[in-house]
Structures are given as C-alpha cells and as structure tokens.
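**Student:** Letter by letter, the sequence shown follows residues 471 to 703 in this note's numbering. We treat Cβ as the ideally placed atom computed from N, Cα and C, and that holds for glycine.
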Amino acid sequence: MNGITQDEAEIYDRQIRLWGLDAQQRIRKAHVLVAGMRALSDEVCKNLALAGIGGITLLDHTVVTHDDLGAQFFLNDASVGMNRAEAAAPAIRALNPRVAVMVDKDAIAAKSDDYFEPFDIVCLVHQDTQTLNRVNRVRRKLNKPFYAADAFGWYGYIFSDLVNHTYIDEKEVMVAKGSEEKVTVRTSCVEPYVSLDDSLRKNWSTTRPKALGRIHPLCFVIQIKASAVADVC
C-alpha cells in the first residue's frame with residue numbers, strides 16, 4: 471500500500487492531528503484478527519473500521535440467535551440463523567468501505583498455531599482460558615500484540631500483552647536554572663508485559679496491603695473467572 475491519499479487525509483484529519491501521519495499510515499497497513507463475535511466485538515470492529523484499519527478478519531463458527539439482537543448493533547432480524555461473523559461483516563464494510571473485511575466461519579479450536587502468526591494484532595473475545603493461553607504463547611514467540619477481553623453484564627475485563635512495548639516519553643524541562651525557556655526532551659522507554667498465564671497465576675498473598683488497596687475488588691473476581699478452564703462459548 472502507498473501513502474495516505476488526499477481523500478483519506480480529509481476523512482482522517484482529526485485523528486491524524488491527534489497521533490500523527492506516520493501512525494495513521496501504520497494503522498492503514500495493519501490487519502487485525504477479531505475472534506468471537508459478541509457485543510464487545512462489535513464495538514471493537516466499529517472503532518477499528520472508523521479509524522481506517524487496513525483489514526479485519528472476523529472469526530466465529532457460531533450462529534446468530536434472537537438473544538443476540540438485543541446486544542449486537544450490527545445485527546437485525548434477518549441475521550438470525552446466520553453465521554455471526556458473516557452477519558456482522560456487511561455493516562462493518564458500510565462503516566468504512568476502505569477497510570477490507572474478511573469472514574472466517576471455522577471454529578477457533580480447529581485453527582493451527584500458524585493461523586495466528588500473520589496478523590499484526592490478535593484480539594480474542596469470549597474465549598476459554600486454554601484457547602487464550604495457546605494463542606498468547608504463539609503471539610509472544612513472534613513478539614506481536616495480543617488482546618483478550620470479555621463482558622459480563624455491567625462488568626468485564628481486557629488483557630493486553632504487547633510483550634515489550636517501546637514508547638516515547640516527552641517532558642518539558644528548563645534550558646537552564648532560572649530560565650523560563652523550555653525544551654522538549656524525548657526519551658525512548660520500554661515497558662515489559664507478562665503473559666496471560668503468568669498473570670492468572672499471580673499470588674496476591676505476598677502483595678503489601680497498601681498496594682492491594684489500589685486494586686479494585688472486581689479484579690480478583692475477573693481473575694478467578696478467567697482462571698476457570700471451561701468452555702462456555
């Protein structure tokens with residue numbers, strides 16, 4: 471893919487001003503896998519499409535039920551009985567025709583590890599812990615981003631594993647003591663992430679009470695729920 475066109479520059483003007491042209495070009499070239507089409511997935515796909523992502527692959531082998539209509543805004547009455555990924559794809563394409571939307575109606579459990587390697591980002595929604603850990607291990611070996619998320623009524627969780635995330639920290643400092651002139655100092659930083667498996671095995675008994683007080687109680691509930699190796703899909 472070549473550079474941003476004039477039309478795209480006008481469409482994405484506000485976000486280019488926010489994160490810059492280079493970031494928008496990288497978004498334009500990225501291909502994201504969203505596995506598991508639920509209400510949360512709809513929101514993720516909507517934001518990706520409107521941001522101008524290069525491509526989205528929707529992976530889901532299940533079919534739309536009447537219960538889905540009350541939660542998933544990409545669906546309508548005609549969607550009932552259709553594959554969930556296939557039913558959501560047209561609405562995502564309509565949001566941004568520039569985004570390539572692919573549909574994969576296979577079960578995620580049937581996919582080999584190689585399947586998850588080419589994507590720039592992999593996001594798994596409403597998957598069992600065994601699947602999450604398997605895909606996370608594949609992505610970590612490649613040093614590629616992995617996300618897992620789910621929602622339970624009013625509550626939910628998101629897990630991010632960027633392996634080693636490099637970012638730029640910008641600070642304004644005085645040129646000299648007593649001077650009002652400032653310069654921007656940019657420092658390259660690396661933030662290491664842990665795997666999902668390590669995160670779920672975290673032993674909180676050794677954590678200081680003061681530190682525990684800064685953690686929302688629901689964090690522990692989500693950890694227990696996510697640790698239960700049971701396929702509820």
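Identify whether Ile578 lies in helix, strand or coil by the three-state DSSP scheme.
**Tutor:** Helix, per DSSP.
**Student:** Apart from the five residues on each side of it in sequence, which residues of its chain come closer than 6 Å, Cβ to Cβ, to His501?
**Tutor:** So the list reads Gly524, Gly525, Phe589 and Asp590, once near-sequence residues are dropped.
**Student:** Quickly, what does DSSP pair Lys641 with across the bridge? List them, please.
**Tutor:** According to DSSP, which records beta bridges pairwise, Lys641 is partnered with Val655.
**Student:** So, does the region 492–500 touch the region 515–524, judging by three or more C-beta pairs under 8 Å?
**Tutor:** Yes: the two stretches touch, three or more of their Cβ pairs being nearer than 8 Å.
**Student:** Based on DSSP bridge pairs, tell me the residues matched to Ile526.
**Tutor:** DSSP lists Val502 and Val571 as partners of Ile526.
**Student:** Can you tell which of Ser665, Ile692, Leu602 and Lys652 has the C-alpha that lies nearest to the C-alpha of Gly623?
**Tutor:** Nearest option by C-alpha distance: Ile692.
**Student:** Using a 10 Å radius around the Cβ and a threshold of 16 neighbouring Cβ atoms, would you call Met471 buried or exposed?
**Tutor:** Reliability fails at Met471, whose pLDDT of 43 lies under 50, so the model's placement of it is uncertain and the value that follows must be treated cautiously. It is exposed - the Cβ of Met471 has fewer than 16 other Cβ atoms within 10 Å.
**Student:** Excluding the 5 residues flanking Val592 on each side, which residues of the same chain have their C-beta closer than 8 Å to its C-beta?
**Tutor:** Excluding residues within five positions, the ones whose Cβ falls inside 8 Å are Val502, Leu503, Ala505, Phe586, Val605, Arg609, Lys614, Pro615, Phe616 and Tyr617.
**Student:** Quick check: what's the CA-CA separation for Val595 versus Ser511?
**Tutor:** If I take the Cα positions, the gap works out to 7 Å.
**Student:** Considering Cα atoms alone, identify which of Arg671, Leu688 and Ser658 is closest to Gly626.
**Tutor:** Taking only the C-alpha atoms, the option nearest Gly626 is Leu688.
**Student:** Between which two residues does the alpha helix (DSSP H) harbouring Leu682 extend?
**Tutor:** Pro679 to Leu682 is the extent of the alpha helix (DSSP H) around Leu682.
**Student:** Using the three-state DSSP reduction, which class does Ser675 fall into: helix, strand or coil?
**Tutor:** Correct three-state label for Ser675: helix.
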